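Just so you know, we're using the working numbering here: the sequence shown kicks off at 403 and counts up by one.
So the structure is just underneath, and the comments pick up after that.
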Amino acid sequence: MRMMSGNRGISETSQKRESVENKKDDARWIEITPEWAYWVDRESFNLKRVKKLVPIGSVIIVKSREKIEDERTYVDSSFGVINGKGIVNLPKKEASEILARQFIEYIKWKNQWPPFTSIKKIQKSGDVEISFDPTEYDSFRLIVTRQMLGSDPSESLNRLKKYQSPQVPLWKVETAKSGKSRCRSCNDVILEGRFRIGEPYFYEGSLSYKWYHPRCLTASLDIEELENLDGYKLLRSEEKLRLKRIFTI
403 MRMMSGNRGI
413 SETSQKRESV
423 ENKKDDARWI
433 EITPEWAYWV
443 DRESFNLKRV
453 KKLVPIGSVI
463 IVKSREKIED
473 ERTYVDSSFG
483 VINGKGIVNL
493 PKKEASEILA
503 RQFIEYIKWK
513 NQWPPFTSIK
523 KIQKSGDVEI
533 SFDPTEYDSF
543 RLIVTRQMLG
553 SDPSESLNRL
563 KKYQSPQVPL
573 WKVETAKSGK
583 SRCRSCNDVI
593 LEGRFRIGEP
603 YFYEGSLSYK
613 WYHPRCLTAS
623 LDIEELENLD
633 GYKLLRSEEK
643 LRLKRIFTI
């Protein structure tokens with residue numbers, strides 16, 4: 403089992419400071435309650451499911467399932483931006499213009515490409531059309547101009563580092579804090595205080611774990627690998643012995 407130099411025109415210290423300050427100013431959150439919607443996290447450029455609170459200034463995609471005459475359905479998307487009162491509906495073109503400005507904030511701040519973005523076309527004017535495709539169903543075309551960027555878009559974008567995805571975290575072991583989680587293998591509850599081993603995964607940009615009973619992993623996890631698990635060193639000596647005993651039965 404597998405365990406898991408600044409660039410001219412876009413990376414000046416003052417620009418980075420201004421970008422971070424802008425993020426702090428916009429870091430207020432507001433409660434919205436659409437049944438099915440996603441927002442673009444301007445700090446990570448990941449698409450996140452709306453649960454309750456969304457940062458002001460975020461672009462939002464609201465989904466709805468529509469019926470056509472023969473009872474078939476399709477998914478319709480509408481677009482907007484979050485202000486202090488809720489959702490302001492916008493045409494997709496205007497939502498894309500906001501994303502283009504947030505794209506520029508991101509590259510000035512991190513000096514790398516955001517995820518899900520690439521150059522689609524360089525226009526005759528020198529402006530650059532960026533593809534932003536966070537899912538196979540959602541795509542945007544962002545126009546980046548010299549005026550917006552403060553330098554030649556093509557040259558500046560070509561100097562950016564490639565997007566670096568977060569480092570894959572290790573599998574994890576701990577004692578269950580409650581009896582609420584279920585084993586992804588046998589589906590039985592993992593009792594409070596008993597060992598559980600977590601398989602890491604990212605959900606909407608946040609780290610989470612799929613939990614298993616140790617006994618359900620004995621066929622795929624070697625005893626020698628236990629010491630590499632995140633959290634193993636935090637176990638007491640007797641707990642380490644009990645955990646290893648499960649893998650020797």
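The beta carbon of each residue, even a glycine, is placed where N, CA and C say it ideally should be.
Treat the numbers as computed from the prediction; the structure is a model and nothing was measured.
Going by beta carbon distance, what residues of the same chain come within less than 8 Å of residue i, once the five residues before and after it are set aside?
i	result
Gly482	Val461, Ile462, Val464, Ile489, Val490, Asn491, Leu492 and Ala497
Phe505	Phe447, Pro516, Thr519, Ile532, Phe534, Leu544 and Val546
Tyr611	Lys574, Gly600, Glu601, Pro602 and Tyr603
Ile648	Phe597, Pro616, Arg617 and Thr620
Thr537	Leu449
Lys563	Asn513, Gln514 and Trp515
Ser567	Pro517
Given that a residue counts as buried once 16 or more other Cβ atoms are within 10 Å of its Cβ, and exposed if not, what is residue i?
i	result
Ile592	buried
Cys588	exposed
Trp431	exposed
Ser558	buried
Gly459	buried
Arg477	One point to set straight first is that residue 477 is Val, not Arg, in the sequence displayed. Counting Cβ neighbours within 10 Å, Val477 comes out exposed, since fewer than 16 surround it.
Ile500	buried
Glu507	buried
Arg444	buried
Leu455	exposed
Met631	Just to set this straight, residue 631 is Leu in the shown sequence, not Met. Leu631 is buried by the Cβ-count criterion.
Tyr539	exposed
Check the C-beta distance from residue i over to residue j and give it rounded, since I have them as a contact under 8 Å.
i	j	result
Glu576	Arg598	6 Å
Val530	Ser556	6 Å
Ile434	Ile484	7 Å
Arg586	Trp613	7 Å
What would DSSP say about residue i, mapped onto helix, strand or coil?
i	result
Leu593	coil
Arg617	helix
Ser608	strand
Tyr634	helix
Ile432	strand
Ser639	helix
Glu626	helix
Ile532	strand
Ile599	strand
Val422	Legend: pLDDT at Val422 = 37, less than 50; position of this residue unreliable, value from coordinates given subsequently. In the structure shown, Val422 sits in a helix (DSSP, three-state: H, G or I).
Lys582	coil
Which same chain residues, not among the five before or five after residue i, have their C-beta less than 7 Å away from its C-beta?
i	result
Ala439	Val452, Ile462, Ile463, Val464 and Lys465
Leu609	Pro571 and Pro602
Tyr565	Gln514, Trp515, Pro516 and Pro517
Output needed for residue i: all residues of its chain with C-beta closer than 6 Å, excluding positions within five of it in sequence on either side, in chain order.
i	result
Glu652	Since the displayed the chain opens at 403 and closes at 651, residue 652 lies outside it and no answer follows.
Ser583	Ile592 and Trp613
Ser541	Asp535
Leu637	none
Lys656	Only positions 403 to 651 of the chain appear in this structure, which leaves residue 656 out of reach.
Lys642	none
Would you mind listing the beta strand (DSSP E) stretches within the stretch 437 to 520 that are 3+ residues and don't spill past its ends, in chain order?
439 to 442, 449 to 451, 455 to 457, 461 to 469, 475 to 485 and 488 to 492
My parser needs the alpha helix (DSSP H) runs of 4 or more residues fully inside the stretch 541 to 572; what are they?
548 to 551 and 555 to 560
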